[in-house]
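Chains as they are written, first to last, in the UniProt record's numbering: chain A, 1 to 346; chain B, 1 to 346; chain C, 1 to 366; chain D, 1 to 366. Heads up, the thing below is written out as structure tokens.
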Amino acid sequence: MSAATPGVAARPAPAPAPPKPTTMAQALNQALRDAMAADRSVHVMGEDVGTLGGVFRITDGLAAEFGEDRCTDTPLAEAGILGTAVGMAMYGLRPVVEMQFDAFAYPAFEQLVSHVARMRNRTRGALPLPLTIRIPFGGGIGGVEHHSDSSEAYYLHTPGLHVVTPATVEDAYGLLRAAIASDDPVVFMEPKRLYWSKADWSAQEPAQVPPIGRAVVRRTGRSATLVTYGPSVPVCLEAAEAAKEEGWDLGVVDLRSLVPFDEETVAAAVRATGRAVVVHESSGFGGAGAEIAARITERCFHHLSAPVLRVAGFDIPYPPPMLERHHLPGVDRILDAVGRLQWEEA
Amino acid sequence: MSAATPGVAARPAPAPAPPKPTTMAQALNQALRDAMAADRSVHVMGEDVGTLGGVFRITDGLAAEFGEDRCTDTPLAEAGILGTAVGMAMYGLRPVVEMQFDAFAYPAFEQLVSHVARMRNRTRGALPLPLTIRIPFGGGIGGVEHHSDSSEAYYLHTPGLHVVTPATVEDAYGLLRAAIASDDPVVFMEPKRLYWSKADWSAQEPAQVPPIGRAVVRRTGRSATLVTYGPSVPVCLEAAEAAKEEGWDLGVVDLRSLVPFDEETVAAAVRATGRAVVVHESSGFGGAGAEIAARITERCFHHLSAPVLRVAGFDIPYPPPMLERHHLPGVDRILDAVGRLQWEEA
Amino acid sequence: MTVLDTPAWRPRTDAAPLMPDPEPFRLLGTPEAARLDPALLGELYGQLVRGRRYNRQATALTRQGRLAVYPSSTGQEACEVAAALALGAQDWLFPSYRDTLAVVARGVDPVEALTLLRGDWHTGYDPRATRVAPLSTPLSTQLPHAVGLAHAARVSGDDVVALAMVGDGGTSEGDFHEALNFAAVWHAPVVFLVQNNGFAISVPLAKQTAAPSLAHKAVGYGMPGRLVDGNDVAAVHQVLTEAVARARAGGGPTLVEAITYRVEAHTNADDATRYRTDDEVAAWQAHDPIALLERELAGRGLLDDALRQRAADEAEALAADLRTRMQEEPRLDPAELFAHVYAEPTQQLREQEAMLRAELEAEQQS
Amino acid sequence: MTVLDTPAWRPRTDAAPLMPDPEPFRLLGTPEAARLDPALLGELYGQLVRGRRYNRQATALTRQGRLAVYPSSTGQEACEVAAALALGAQDWLFPSYRDTLAVVARGVDPVEALTLLRGDWHTGYDPRATRVAPLSTPLSTQLPHAVGLAHAARVSGDDVVALAMVGDGGTSEGDFHEALNFAAVWHAPVVFLVQNNGFAISVPLAKQTAAPSLAHKAVGYGMPGRLVDGNDVAAVHQVLTEAVARARAGGGPTLVEAITYRVEAHTNADDATRYRTDDEVAAWQAHDPIALLERELAGRGLLDDALRQRAADEAEALAADLRTRMQEEPRLDPAELFAHVYAEPTQQLREQEAMLRAELEAEQQS
Ligand SMILES: Cc1ncc(C[n+]2csc(CCOP(=O)(O)OP(=O)(O)O)c2C)c(N)n1
Ligand SMILES: Cc1ncc(C[n+]2csc(CCOP(=O)(O)OP(=O)(O)O)c2C)c(N)n1
Ligand SMILES: [Mg+2]
Ligand SMILES: [Mg+2]
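Structure follows, in structure tokens:
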């Protein structure tokens, strides 16, 4: 059988289980397991993903269950990992690559930008690359240098890539299944400090796969709208809760997908309030927030009572563990920004 | 003598020459020559920069004049080129690295982001890296795939790097001298289709070195302001000329430096007109224009009669030569955007 | 018991069988050449003559403005042709940007093979249908692709070998290293062919490596390295055929260095006189791959007028076809720019496409 | 005249002298060890004992929450110590993230050496003053830095050698390849020390390479490769000292593979039982670098109580100093986040700093 043909499910679909407390890490692991069981062409590969199950245990047990050819400990070379994954995808497999930490994806940048993003276009659609690149990203876990980068702005500016990031346990599962099922390459950014966040949840098979490219309104509000994604979603929800004390009713939009970008949902939410703050962890200058703010302004200008403001990481290299709390956008900084939305002129 | 000590000028400063028709390529070559003559610690390195003088001849004659140790043909490996340049800068030299084409700088991305941008900060200022990275960028020269990328958005989002780009013969010389003289790493983006653009000019020694980080108003206007840089500057000037027919008086700001970003000059120019269009060649989504538009809006919101619009390359991989003219922002597309600045509501 | 008896240190592969013979392998003009199949020699001859003509025609097309650029493989036809012929139909070829000729020799439509260099699109042929990867412009980046594809085929139980081509300059890139290492660790059915043509644009080999030979790099990955006279088409063909057979039989990867010479400039845009002498070029032309084979054929009485004529005719037919078809303006649809970025265009791309269509209409009306 | 007599093909370096002896070089327990200077052995012994204690203390500090993380070099002290001692004062050391001990052995303040792992800043010592590059977290990226620095020194006419450390896993990265190639082409005075400790986190050497040894990679760059028992401190010291001397004398770079073992888990956060057996660890502990040296010293009647006591006292003093000083809260100024991004902060950074200062003031007032 050619690997280009998606394999038949190797085992029957599990019976729907009752929801139970599940971490995002477990949901991601389940998504990989279910995808591999459902489709023999899904291959997991990366540094330490096999025997160890990954440094965050996202691939735990997969090598034992599916064999080392399906869940492979590669040599230590990120360009080689992604480059060979490109070749595997060319042959018809669906590789799921793990980059151990965000900053360690940089050696693979050329393969990502010059090949992963372009192969379909280069070949007039003849050679799509159904590749998922999992990248744990962001800070807040006390990691030493190079372990807390947020690199999404590099990827979202690269046409040909989808860029998604979950903020909930449920989305972690659904978006990862969707990413693996996609015929386009997806950069799947995992907010590493949410790995241990929990929810009552269990996987449904056939998977509830949300389409990539849909934002979700996590909270409706009437005063102003927080637009955010990934690790900053819980922070924004917390800020919205705290804002009630100040008399503000804040909405929160979780983008989930940076590319494709769901303009309709964002624009509708912002038009409803006339004020918006974009929140993310990566450096602000040239970050995702710039695009989001510019785009909101283009679409909603006459509905805006104040400029769209941004709350982001400072324009500095990611700080050492003992100082990172000063860098990360927290509740206070978000509320300060909301306070600057020129209420007097409303 | 330790290389850390800037060398004494190896030859007397040339007598000021009368201006003569000079291409940007020649001015860049002159800047390198003068910098090498003035400071023995300046070393030029890259693929084909020695014997050949570079594929664009920017380093022409330098190996003959200063020797192969000062202008070095390296092995073909961009990460190695930048990585060894980091080590040379650690020792106190001032390497000037040539990346042959924009897309061929991607293999060096990890060295750039993880080391070049961070070494000073990492070492609390003990180890600054006085490095210049020259990258010919942009399209319009009929180059085949990978020869026309515009990668500035990746660099400007990377704290620790300066990012500059000249649009005129004079600035090409001055900014390159300034970049080499800077104690910080500078990504020097050379608009390759302006290499053959000409002006009456000649180098002055001691060099007139403009400070990095200052935008310049190339043309004042009263109707709206075009904010742009590099290869799009002449296009914007042409558009401003053509706009007169439509009755628009357009100003043009040439940023010259994306990092540091000259907010004062830009904000003043936009406030004066109340309308702005940001123009660049790279893909719009998450491009430099997003930051510029978001920032203008934050600073000038109540002076704006219309949202800041963007005219940029499409969100596609750079097209093949025969189709590139459709991708590149031209005069018509700029004027269309100006036309959409909601004049009826003014 | 010493440290070295511990579980973690075992004598690994023996290095000796991996080491290349420092004298490049040759067949033409040697006694072994007598054993070569005349039919094979005839086919190789036809392909070389055709290849040379193709290079000449493509270069002419650059002068007529019909190609944006052409990196000629004149002088290297033996490697180009042998690479294509060493593969079976089910195998994959991974060419570098200089290897249009190998692509054509493998059977891809010569016009489609030139799409990239003509500039109407990036790749003109269907890689899956032809089992030829796109010509790779970023040097050495195609090598890990070849390894991944070969590995994918192997774990799928399919009989597929990948042959990847790269230049001497390309061996300096990190991707070269990572690809060879993955191939060796995975025991992937892949053959790496380095065409050492003496230069990377203007940079001579001595500034590229200090190694005894590029083939010596093989031992550092645990695969065999072979050195071959790259202008001896019979030798290159034999070495590659053996390496492909070895890969097919589960023997793992091989690194082959073929020593050859780039007779023309780097591309039509390059001025080679800036970095090398006419004498050097002339010396290599005296060892031209076609001439070497002709001498062999002649020595064995195989170079008759019929063979010459057939080769010349086929070459002319190819060139004529190319000339004619390249005179036609390619069909161009600017809206196609948006068609293949994703399986489904995003909303933003649809808007951009609409804008471009409106512009084009306005253009036509004015 | 054949193709191979042409100007572009000359026999390059002879491969034979570059090849490593497949049997790792050892001194301790061999007849040659008798020639070793007792003073040197004594110094090495003191450093090993001190180093072991340092590793133990640092690991203890992670349990107390005083360090964010510690990648221990327990079991690898011979390599760490020998690397530091092989260098002259003017030379540079380029450590990887595991090599804090080499940094300390070179004389850097032990607390400053731990700044990265404590988390108060990224690098705690002044690289120019100490001639020690920052501990490099992105694997292998420090290797081209070492080559560049050594090259810069050489072209400046200065007598400086660089020694760069990397793990077995790190040899798979493209940066390793590019660094070794540049070093060989430039004939740079640099020594590469690969500590092959059998694992890259959980990945064993067999999944990392198929090469006869990592030292065999040297031949592919045209530099000598040497294989040494990495738990034999005298052997590592001698091999590195020779390589440094060779580099200093203009002989170019050397690749040294030291075979050793990471006795503890990858870091305190790792669970090594997931990928290796206790037996394997025990086998290596039976070949402990300190025990090997003690056996040698004892055999030569050099292991007296005075030596033992001095070593233990120095080790305890180091540990005590570390304990005490690491109990102090580091001086932290959040505003320093903006101080070193550029020589002059940009306007944007000044505004961000002002914002942070205002927040901190507000925090204090509430
Ligand atoms: C990653 C990358 N860097 C630089 C270039 C620019 N470039 C194109 S061809 C070439 C020289 C290639 O030399 P070699 O590998 O020997 O191949 P040859 O041209 O001799 O066939 C260079 C530097 C490129 N295409 N890709
Ligand atoms: C470029 C890069 N990729 C991945 C990592 C994550 N990582 C840290 S240590 C390590 C294993 C290193 O193994 P080895 O080189 O053998 O050194 P050792 O830990 O054994 O000292 C990995 C994968 C990294 N630091 N840098
Ligand atoms: Mg070449
Ligand atoms: Mg290791």
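Built from N, CA and C at the ideal position, the CB exists for glycine as well. Computed from a predicted structure; not experimentally measured.
Looking at the C-beta of serine 172 (chain D), does it have a partner C-beta in chain C at a distance below 7 Å? Serine 172 (chain D) belongs to the set of residues whose beta carbon lies under 7 Å from a beta carbon in chain C.
Would you say the beta carbon of asparagine 231 (chain C) is closer than 6 Å to some non-hydrogen atom of ligand 1? No, Cβ of asparagine 231 (chain C) sits at least 6 Å from all heavy atoms of ligand 1.
Say the cut is 6 Å; is the CB of glycine 200 (chain C) nearer than that to a heavy atom of ligand 3? Residue identity check: residue 200 (chain C) is alanine in the sequence provided, not glycine. Because some heavy atom of ligand 3 lies under 6 Å away, the Cβ of alanine 200 (chain C) counts as near it: yes.
State the DSSP-derived secondary structure class of glutamate 98 (chain B), mapped to helix, strand or coil. Assignment of glutamate 98 (chain B) by DSSP, reduced to helix, strand and coil, places it in the strand class.
Report all residues from its chain with a CB closer than 7 Å to the CB of glycine 213 (chain B); omit the five preceding and five following residues, and keep chain order. The beta carbon of glycine 213 (chain B) lies closer than 7 Å to those of Ser257, Pro260, Asp262 in the same chain, with the five residues before and after it left out.
Other residues of its chain near valine 113 (chain A): CB distance less than 6 Å, five sequence neighbours each side excluded: Hits under 6 Å: Thr158.
Taking 7 Å as the CB-CB cut-off, is histidine 177 (chain C) touching chain D? By this cut-off, histidine 177 (chain C) is an interface position.
Any idea which residues DSSP pairs aspartate 254 (chain B) with across the strands? According to DSSP, aspartate 254 (chain B) bridges with B:Val216, B:Thr228.
Please report whether the beta-carbon of valine 86 (chain B) lies at a distance below 7 Å from any beta-carbon of chain D. Cβ-Cβ to chain D under 7 Å: yes for valine 86 (chain B).
Going straight from the alpha carbon of glutamate 329 (chain C) to that of threonine 62 (chain C), what length do you get? The straight-line gap from Cα to Cα measures roughly 15 Å.
Please state whether the Cβ-Cβ distance between valine 108 (chain D) and tyrosine 125 (chain D) is less than 7 Å. Going by C-beta atoms, valine 108 (chain D) is nearer than 7 Å to tyrosine 125 (chain D).
DSSP on phenylalanine 66 (chain A), reduced to helix/strand/coil? The answer is helix: DSSP assigns phenylalanine 66 (chain A) an H, G or I state.
Start-to-end residues for the beta strand (DSSP E) that takes in histidine 216 (chain C): Here histidine 216 (chain C) belongs to no beta strand (DSSP E), and DSSP marks it neither H nor E.
Counting contacts by CB-CB distance shorter than 7 Å, is valine 194 (chain C) in contact with chain B? Interface criterion not met: the Cβ of valine 194 (chain C) is under 7 Å from no Cβ in chain B.
Which chain A residues sit within Cβ distance under 7 Å of alanine 155 (chain C)? The amino acid occupying residue 155 (chain C) in the given sequence is valine; alanine does not appear at that position. Those are Asp69, listed as they occur along chain A.
Buried or exposed: which applies to tryptophan 196 (chain A), given that a residue is buried once 16 or more other Cβ atoms fall within 10 Å of its Cβ? The residue in question, tryptophan 196 (chain A), is exposed, as its Cβ has fewer than 16 Cβ neighbours within 10 Å.
State the DSSP-derived secondary structure class of isoleucine 334 (chain B), mapped to helix, strand or coil. Helix.
Let me check you understand the geometry: is the CB of glycine 169 (chain D) closer than 6 Å to at least one non-hydrogen atom of ligand 4? For ligand 4, at least one heavy atom lies less than 6 Å from the Cβ of glycine 169 (chain D).
For ligand 3, any of its heavy atoms closer than 6 Å to the Cβ of asparagine 197 (chain C)? Yes, since a heavy atom of ligand 3 falls inside the 6 Å radius drawn around the Cβ of asparagine 197 (chain C).
Please state whether DSSP places phenylalanine 338 (chain D) in a helix, a strand or coil. Correct three-state label for phenylalanine 338 (chain D): helix.
Check the Cβ of tyrosine 318 (chain B) against every Cβ in chain D and list those closer than 9 Å, keeping chain order. The premise fails here: tyrosine 318 (chain B) is roughly 25 Å from chain D at the closest Cβ pair, so nothing lies under 9 Å.
Please say whether alanine 211 (chain D) and arginine 226 (chain D) have beta carbons closer to each other than 7 Å? Cβ atoms of arginine 226 (chain D) and alanine 211 (chain D): not closer than 7 Å.
What would DSSP say about glutamate 190 (chain A), mapped onto helix, strand or coil? Secondary structure of glutamate 190 (chain A) (DSSP, three-state): strand.
Examine the Cβ distances between the segment 86-97 of chain A and the segment 138-158 of chain C and report whether three or more of them are shorter than 8 Å. In short, these stretches touch, since the Cβ pair count reaches three.
As assigned by DSSP and simplified to three states, the class of valine 209 (chain A): Three-state DSSP puts valine 209 (chain A) in coil, outside helix and strand.
Near proline 107 (chain B), which residues of its chain fall below 6 Å by C-beta distance, leaving aside the five closest residues on each side in sequence? Excluding residues within five positions, the ones whose Cβ falls inside 6 Å are Glu78, Ala79.
With distance defined between alpha-carbon atoms, name the residue in D:Ala162, D:Glu257, D:Leu293 nearest to aspartate 168 (chain D). Minimum Cα distance to aspartate 168 (chain D) is reached at D:Glu257.
Limits of the alpha helix (DSSP H) - the one that histidine 237 (chain C) falls within: Residues 233-248.
What does a CB cutoff of less than 6 Å around leucine 180 (chain D) pick up in its chain, not counting 5 residues either side in sequence? Once the five neighbours on either side are set aside, the close Cβ partners of leucine 180 (chain D) are Tyr221.
Does the separation of the CB atoms of alanine 306 (chain A) and arginine 271 (chain A) fall below 7 Å? At the C-beta level, alanine 306 (chain A) and arginine 271 (chain A) stay beyond 7 Å of one another.
Roughly how many angstroms separate the alpha carbons of glutamate 148 (chain D) and phenylalanine 104 (chain B), rounded to a whole number? One point to set straight first is that residue 148 (chain D) is glycine, not glutamate, in the sequence displayed. Roughly 20 Å between the two C-alpha positions.
What in chain C is Cβ-close to glutamate 110 (chain A), meaning under 7 Å? The contacting residues are Pro138, Thr141.
Exposed or buried, arginine 295 (chain C), counting other C-beta atoms within 10 Å across all chains shown (16 or more means buried)? It counts as exposed.
Of the residues that make up the segment 328-347 of chain D, which ones have a beta carbon closer than 8 Å to any beta carbon in chain B? Result list: Glu336, Ala339, His340, Val341, Tyr342, Ala343, Thr346, Gln347.
Against chain A, does alanine 4 (chain B) count as a neighbour if the rule is that its beta carbon must be under 7 Å from one of theirs? In this predicted model, alanine 4 (chain B) has a pLDDT of only 36, less than 50, meaning its place in the structure is not dependable; the value taken from the coordinates is given anyway. Not closer than 7 Å to any Cβ of chain A, the Cβ of alanine 4 (chain B) fails to qualify, so no.
Mind listing the chain A neighbours of aspartate 315 (chain B)? Cutoff is C-beta to C-beta under 8 Å, in chain order. When 8 Å is used as the limit between beta carbons, aspartate 315 (chain B) is near these residues of chain A: Pro159, in chain order.
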